[in-house]
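Enquirer: Take this structure first; my questions come after.
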Amino acid sequence: MTTWVPAWDAGTGEERARAVFDTAFGVAPDGVWSAPGRVNLIGEHTDYNGGLCLPVALAHRTFAAVRRRGDGTARMASAWDASVVTALELASVAPGAVAGWTAYVAGVAWALRERGLPVAGFDVAIDSCVPVGSGLSSSAALSCSVALALDAVNALAQDRAALAADCVRAENEIAGAPTGGMDQAAALRAEPGHALLLDCRDQSVRHVPFDPAAEGLALLVIDTRAEHALVDGQYAARRATCDEAARLLGVATLRELTDAPGDAEHAIVALDDGTPDGELRARRVRHVLTEIARVREFVALLDAGRLRDTGPLLDASHASLRDDYEVSCRELDVAVEAARAAGALGARMTGGGFGGSAIALVEADALVTVADAVAAAFAREGLRAPAFVA
Numbered sequence: 029m030t031t032w033v034p035a036w037d038a039g040t041g042e043e044r045a046r047a048v049f050d051t052a053f054g055v056a057p058d059g060v061w062s063a064p065g066r067v068n069l070i071g072e073h074t075d076y077n078g079g080l081c082l083p084v085a086l087a088h089r090t091f092a093a094v095r096r097r098g099d100g101t102a103r104m105a106s107a108w109d110a111s112v113v114t115a116l117e118l119a120s121v122a123p124g125a126v127a128g129w130t131a132y133v134a135g136v137a138w139a140l141r142e143r144g145l146p147v148a149g150f151d152v153a154i155d156s157c158v159p160v161g162s163g164l165s166s167s168a169a170l171s172c173s174v175a176l177a178l179d180a181v182n183a184l185a186q187d188r189a190a191l192a193a194d195c196v197r198a199e200n201e202i203a204g205a206p207t208g209g210m211d212q213a214a215a216l217r218a219e220p221g222h223a224l225l226l227d228c229r230d231q232s233v234r235h236v237p238f239d240p241a242a243e244g245l246a247l248l249v250i251d252t253r254a255e256h257a258l259v260d261g262q263y264a265a266r267r268a269t270c271d272e273a274a275r276l277l278g279v280a281t282l283r284e285l286t287d288a289p290g291d292a293e294h295a296i297v298a299l300d301d302g303t304p305d306g307e308l309r310a311r312r313v314r315h316v317l318t319e320i321a322r323v324r325e326f327v328a329l330l331d332a333g334r335l336r337d338t339g340p341l342l343d344a345s346h347a348s349l350r351d352d353y354e355v356s357c358r359e360l361d362v363a364v365e366a367a368r369a370a371g372a373l374g375a376r377m378t379g380g381g382f383g384g385s386a387i388a389l390v391e392a393d394a395l396v397t398v399a400d401a402v403a404a405a406f407a408r409e410g411l412r413a414p415a416f417v418a
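If you're matching positions, the sequence shown starts at 29 in our numbering and goes up one per residue.
Structure representation (structure tokens):
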């Protein structure tokens, strides 16, 4: 049986978060704030290299019910077990001092306070319909919903770009997740009906019209249910390799190698010195540089109203992530191959990799057919049944 993961409407999400808050704290919150998960259309592992990426916000959101306190204590509860309340003093929050999901919450308060902003203690209760561990950025949806709440209850009046940067710092330094910033930008800065073209060199954005339904298409999100985590060392290893390559090439980020014709090709050749480490660096860099180019091509097609023609770019992105960056896995490859075989115009893994989700661009009237074909392929391969978002 094919499993679909529905999004909650705003009223349902708010009601659920308020119910968790009441169970945990026995009073009403000051309000409920929310932020979405995301899928990245294209531009994977480019954010921490100063590159370009193109995420879209999901309808699925995380909801944070928050009440400002008059002291410096943070009390945190979630729908997973509202009877368990974690309390800590905000003054004690520091790198390595907080673990688990509460690090994403307390870390946001820490980042705001590090900027000298007056953040008081708070009670917070969390509920979410963003699938956890799916590569759909449930962590950024959590931190960004809390950032919006703390901004409001403390009357900080921060713009969303600044809040996104705070959430990045919270995840990097307190939660220990080396995220590059795309997820937080999508959660806080994306607009309905548009993809967010994010330039990670200067954090500028452009809202690019993205309306699959207008072209008779749909974007199918396949949660492979292969556990996805950014703190297991693999993501950090890829980032470290890119940083080392940039140092060897004498540039601040790999993005600089896309500014002049021929620079990318010369850089890849220069990195491959015949050693295993050199060959590895060359492959990693080749993915980043060709992926930035694919983002540009994808946006040009969207600007021309040619979403239907983007399928080959999705396919090429997946091949690059699988072969050069080596962040795919069996479940992601099965999902992509099965979707294409069932008629998808293009498909690729999305997110950090090593599990998580894939996306497929499909004809709208074939959405269920493609999902059923992917589910059947997982069953044949003896894999855990996937779930689907559309």
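Backbone N, C-alpha and C fix where the C-beta goes; we use that ideal spot for every residue, glycine too. Keep in mind the model is a prediction, meaning the values are calculated, not measured.
#1: At the level of alpha carbons, what is the spacing between Ser165 and Gly98?
#2: Using only CA atoms, which one of Trp36, Glu354, Arg324 lies nearest to Val313?
#3: Taking 8 Å as the cut-off, does the stretch 177-184 touch the stretch 389-401 (at least 3 CB pairs, one atom from each stretch)?
#4: DSSP state of Ser348, grouped into three classes?
#5: Using DSSP with H/G/I as helix, E/B as strand and the rest coil, what is Arg143?
#6: For Ala392, which residues from the same chain have a beta carbon less than 8 Å from its beta carbon, with the 5 sequence-adjacent residues on both sides left out?
#7: Assuming Ser111 is part of the alpha helix (DSSP H), what are its boundary residues?
#8: Give me the Cα-Cα distance between Ala309 and Thr303, rounded to the nearest whole angstrom.
#9: Considering only C-alpha positions, which residue in the set Thr252, Ala52, Gln212, Ala110 is nearest to Val233?
#10: What are the boundary residues of the beta strand (DSSP E) that Ala254 is part of?
#11: From what residue to what residue does the alpha helix (DSSP H) around Met210 run?
#12: Out of Val133, Gly128, Thr338, Gly149, which has the shortest C-alpha to C-alpha gap to Arg95?
#13: According to DSSP, Pro83 sits in a beta bridge with which residue or residues?
#14: Based on the DSSP output, what are the partners of Glu117 in its beta bridges?
#15: Under 8 Å between the Cβ atoms of Cys157 and Arg89?
#16: If you run the structure through DSSP and keep just helix, strand and coil, what is Asp400?
#17: By Cβ distance, which residues of its chain are closer than 8 Å to Pro340, with the 5 residues on each side in sequence left out?
#18: Rounded to the nearest angstrom, how far is the Cβ of Leu330 from that of Ala223, given a contact under 8 Å?
#19: Where do the ends of the alpha helix (DSSP H) carrying Arg358 lie?
#20: Just confirm the distance between the C-beta atoms of Gly381 and Leu411, as a whole number of angstroms; I'd bet it's less than 8 Å.
#21: Rank Glu142, Ser106, Ala274, Gly333 by C-alpha distance to the C-alpha of Val317 and give the top, closest one.
#22: According to DSSP, is Ala63 part of a helix, a strand, or is it coil?
#23: Could you say which of Arg44, Asp352, His235 lies nearest to Ile154 if we only look at CA atoms?
#24: Look at the Cβ atom of Glu319, then the Cβ atom of Glu72, and state whether they are nearer than 8 Å.
#25: Would you mind sorting Glu409 into buried or exposed? The rule is 16 or more other CB atoms within 10 Å of its CB.
#26: If you run the structure through DSSP and keep just helix, strand and coil, what is Arg129?
#27: Where do the N-terminal and C-terminal ends of the beta strand (DSSP E) with Leu389 fall, by residue?
#28: Among His315, Val362, Gln231, Thr338, whose alpha-carbon lies nearest the alpha-carbon of Asp351?
#29: Just list the alpha helix (DSSP H) runs in the stretch 284-359, keeping only unbroken ones of 4 residues or longer that don't cross its boundaries, in chain order.
Expert: According to the structure data:
#1: Ser165 and Gly98 have their C-alpha atoms some 32 Å from each other.
#2: The option with the nearest alpha carbon to Val313 is Glu354.
#3: The stretch 389-401, when compared against the stretch 177-184, does not touch it at the 8 Å Cβ threshold.
#4: Here Ser348 sits in helix by DSSP.
#5: Coil.
#6: Scanning its chain for C-beta atoms nearer than 8 Å, with the 5 sequence neighbours on each side dropped, one finds around Ala392 the residues Pro240, Ala241, Gly244, Leu245, Ala246, in chain order.
#7: Where Ser111 is concerned, there is no enclosing alpha helix (DSSP H), given that its DSSP letter is neither H nor E.
#8: Before going further, note that residue 309 is Arg rather than Ala in the sequence given. The straight-line gap from Cα to Cα measures roughly 10 Å.
#9: The residue with the shortest Cα to Cα distance from Val233 is Gln212.
#10: Boundaries of the beta strand (DSSP E) around Ala254: 245-254.
#11: Residues 210-217.
#12: Out of Val133, Gly128, Thr338, Gly149, Gly149 has the C-alpha closest to the C-alpha of Arg95.
#13: Paired residue(s): Asn68.
#14: In DSSP, Glu117 forms a bridge with Thr101.
#15: In this structure, Cys157 sits near Arg89, with a CB-CB distance shorter than 8 Å.
#16: Three-state DSSP puts Asp400 in a helix.
#17: Gly374.
#18: Indeed they touch by this definition, with Cβ atoms about 7 Å apart.
#19: From DSSP, the alpha helix (DSSP H) with Arg358 extends over 358-369.
#20: Taking the Cβ atoms as the reference, Gly381 lies roughly 17 Å from Leu411, outside the contact range of under 8 Å.
#21: In the sequence under discussion, the amino acid at residue 317 is Leu, which differs from the Val named in the question. Of all alpha-carbon atoms in Glu142, Ser106, Ala274, Gly333, the one lying nearest the alpha-carbon of Leu317 is that of Ala274.
#22: Strand.
#23: Answer by Cα proximity: Arg44.
#24: Going by C-beta atoms, Glu319 is nearer than 8 Å to Glu72.
#25: By the neighbour-count definition (other C-beta atoms within 10 Å, threshold 16), Glu409 is an exposed residue.
#26: The residue you asked about is not Arg; residue 129 is Trp in the sequence shown. Three-state DSSP puts Trp129 in coil, outside helix and strand.
#27: That run of the beta strand (DSSP E) goes 384-391.
#28: The residue among His315, Val362, Gln231, Thr338 with its C-alpha nearest the C-alpha of Asp351 is His315.
#29: Taking only runs of at least 4 residues, the alpha helix (DSSP H) segments lying wholly in the stretch 284-359 are 291-299, 304-331, 339-351.
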